[in-house]
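**Student:** Sending over a structure as structure tokens; questions will come in a sec.
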Amino acid sequence: MSRFRPLLAALVAVTFLAGLVTAVVPTAPAAAPAPADTRADAVRSLLERRARAVLERDGAAFAADLDPRADAGFRQRQLDLFRNLADVPLAEWGYALGDEVDVSALARPDADEVWAPDVRLSYRLAGVDAEPGTQGMAYLFTRRDGRWYLASDTALEPLGRRTWRGPWDFGPCRVLAGAGGFVLAHPGGEDLAARALAELDGAVTAVTEVWGRAWARQVAVLVPASREEMTALVGPGFATGAIAGVAVADRVDPGTRTARGQRVVLNADSAGALSPSALRVLLRHEITHIATRGDTADGAPMWALEGFADYVGYRRSDVPLSGAAPLLAAQVRRGVPAALPSDADFRGAAMELAYQQAWSVNLYLASVLGEPGLVALHRRLARARPSEVDGVLLEATGGGTAELVRGWQDFLRRAFP
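In the working numbering, the protein residues as written are 109 to 525.
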């Protein structure tokens, strides 16, 4: 997540793994339900045709499996989705079926049978994703005259099941590519997309200089065109006007230390208003989260995660400490902080000051340990449970949390005389 100020951004691994339900519902007493194996095979074949049509850009084949009696709005949205994918660099696109539960309330009198299987979309963006990400698709299928069709992707919403929406659900996608990845935007978002692309290669290089080459070094930056799209991509908790950018992921595997479906999502309103230097730091901050996400565990201290991302973001910039951390400068004039910022401080009214404090802690650690030492410490802190932080600091610096705070306080007194 990135709050709206010239040089801020924060990690948010947002996982969109909404489950779906499955069912067979006899809706016309005169027609017998299809045998389960036949039904599953037929729908699986439908989804295979749909995936092939997307990858081969075959509009006629894509449209052929849409229920001819489905809501006209649904059919139009599906045709728009297909056209909106035209410029998106897809390496993979496929679907998988899951288990079944009863959803008899979804019976449709005009169909021989309906089925709502657990469907997972698996897709991979070319040049960016090493492995495909997966998303839940709340599809409803209908059988008419012996043939299965896709009839809806919203009918399961009363049951709490929703279809994941990608950028292609919100308008034509325009892709600007560079050596470090690409920026995907919609008509009207060309200016911010061009600005982001101009910074992307340099941002990837800057992150690699600090973190090393053991990450994908290819990033997809998304520029939503609306609040609705921003919410779909990052969740309602982070789609606010005050947040300039968010780093998201479909899934993180702690065992293999990998993350799938990682994206940087920019809030067009707030990110578009940033100065060139602010946008540069924002992208470097968020891309740091992309690079380090596989090595980050739940529960790691926010002052380490966010402060390190800001360290990389501001590194080699011409922004003075007092200019980038005015709230911290004002605090130090009244008296140095008594403790490291808590995780709770990174939410609500104290958030801005917490980020500035966390950045300065990482600057202090770099001054003591050197940059390689800071990176080594971050790798350990990013996987540390709260109870382990003091021990990690003791091994890396020779002192625990109390010693770190005292050294940091002295650093602040020197930095803000």
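Even glycine gets a Cβ: it sits at the ideal position worked out from N, Cα and C. Quantities reported herein were computed from a predicted structural model and do not represent experimental measurements.
With a threshold of 8 Å on Cβ separation, who are the neighbours of V476 within its own chain once the five nearest residues in sequence on each side are excluded?
**Tutor:** One-based indexing of the sequence shown puts residue 476 at position 368. So the qualifying residues of the chain are T505, G515.
**Student:** So does the segment 320-334 actually touch the segment 394-405, counting three or more Cβ pairs closer than 8 Å?
**Tutor:** Taking 8 Å as the limit for Cβ pairs, the verdict is that the segment 394-405 does touch the segment 320-334.
**Student:** Pick helix, strand or coil for Y472, following the three-state DSSP scheme.
**Tutor:** Position 364 of the sequence shown holds residue 472. Looking at Y472 - three-state DSSP - the assignment turns out to be helix.
**Student:** Nearest to G521 by alpha carbon, out of S230, S430, E503?
**Tutor:** Indexing the sequence shown from 1 puts residue 521 at position 413. Rather than Gly, the amino acid found at residue 521 in this sequence is Arg. Of the listed residues, the one whose Cα sits closest to R521 is S430.
**Student:** Considering R442, what are the terminal residues of the alpha helix (DSSP H) in which it resides?
**Tutor:** Here residue 442 corresponds to residue number 334 of the sequence shown, with the count starting at 1. It spans 434-442 - the alpha helix (DSSP H) in which R442 sits, taken as one unbroken run.
**Student:** Taking the beta strand (DSSP E) that E221 belongs to, which residues open and close that run?
**Tutor:** To locate residue 221, count along the sequence shown from 1; it is residue 113. Element bounds for E221: 221-223.
**Student:** Since R152 and L187 are thought to touch, with beta carbons under 8 Å apart, how far apart are those beta carbons, to the nearest angstrom?
**Tutor:** As a position in the sequence shown, residue 152 is number 44, starting the count at 1. As a position in the sequence shown, residue 187 is number 79, starting the count at 1. Incorrect: roughly 23 Å between the Cβ atoms, too far for contact.
**Student:** Taking the alpha helix (DSSP H) that V497 falls in, what are its first and last residues?
**Tutor:** Position 389 of the sequence shown, counted from the start, is the residue given in the question as residue 497. That run of the alpha helix (DSSP H) goes 497-505.
**Student:** Closest by CA to A376, which one among R441, S425, A304, D406?
**Tutor:** The sequence position of residue 376 within the sequence shown is 268, counting from 1. Nearest of R441, S425, A304, D406 to A376, Cα basis: A304.
**Student:** If A333 and G297 are in contact, beta carbons under 8 Å, what's the gap, nearest whole angstrom?
**Tutor:** One-based indexing of the sequence shown puts residue 333 at position 225. One-based indexing of the sequence shown puts residue 297 at position 189. Yes, A333 and G297 are in contact; Cβ-Cβ is about 6 Å, under 8 Å.
**Student:** For the putative contact between Y472 and F519, defined by C-beta atoms under 8 Å, what is the C-beta separation to the nearest angstrom?
**Tutor:** Position 364 of the sequence shown, counting from 1, holds the residue named residue 472. Position 411 of the sequence shown, counting from 1, holds the residue named residue 519. The Cβ separation is near 4 Å, so the contact holds.
**Student:** Check whether chain C comes within 8 Å of G407, counting only Cβ atoms and requiring the distance to be less than that.
**Tutor:** Chain labels in this structure do not include chain C; a single protein chain is all it has.
**Student:** Could you pull the DSSP bridge partners for G244 from this structure?
**Tutor:** Locating residue 244 in the sequence shown gives position 136, counting from the first residue. In the DSSP output, where bridge partners are listed per residue, G244 has R228.
**Student:** Which residues in the same chain as A194 place their Cβ atom closer than 6 Å to its Cβ, once the five residues preceding and following it in sequence are excluded?
**Tutor:** By one-based count along the sequence shown, residue 194 stands at place 86. If we look at A194 and ignore the five residues flanking it on each side, it has no Cβ neighbours.
**Student:** Helix, strand or coil for A180 per DSSP?
**Tutor:** One-based indexing of the sequence shown puts residue 180 at position 72. Correct three-state label for A180: helix.
**Student:** Taking 8 Å as the threshold (C-beta atoms), are R359 and G402 in contact?
**Tutor:** Along the sequence shown, one-based indexing puts residue 402 at 294. Along the sequence shown, one-based indexing puts residue 359 at 251. Against a cut-off of 8 Å, the Cβ pair of R359 and G402 comes out as no contact.
**Student:** Below 8 Å, how does it come out for the segment 275-286 and the segment 160-180: are there three or more Cβ pairs, yes or no?
**Tutor:** Verdict: no, contact absent.
**Student:** Would a C-beta distance cut-off of 8 Å place V420 and V318 closer than the cut-off?
**Tutor:** Counting from one through the sequence shown, the residue named residue 420 turns up at place 312. Counting from one through the sequence shown, the residue named residue 318 turns up at place 210. The answer is yes: Cβ separation under 8 Å.
**Student:** Alpha carbons only, please: which of A219, R185, A169, R232 is nearest the one belonging to A199?
**Tutor:** By 1-based counting over the sequence shown, the position of residue 199 is 91. Closest option to A199, Cα to Cα, is R232.
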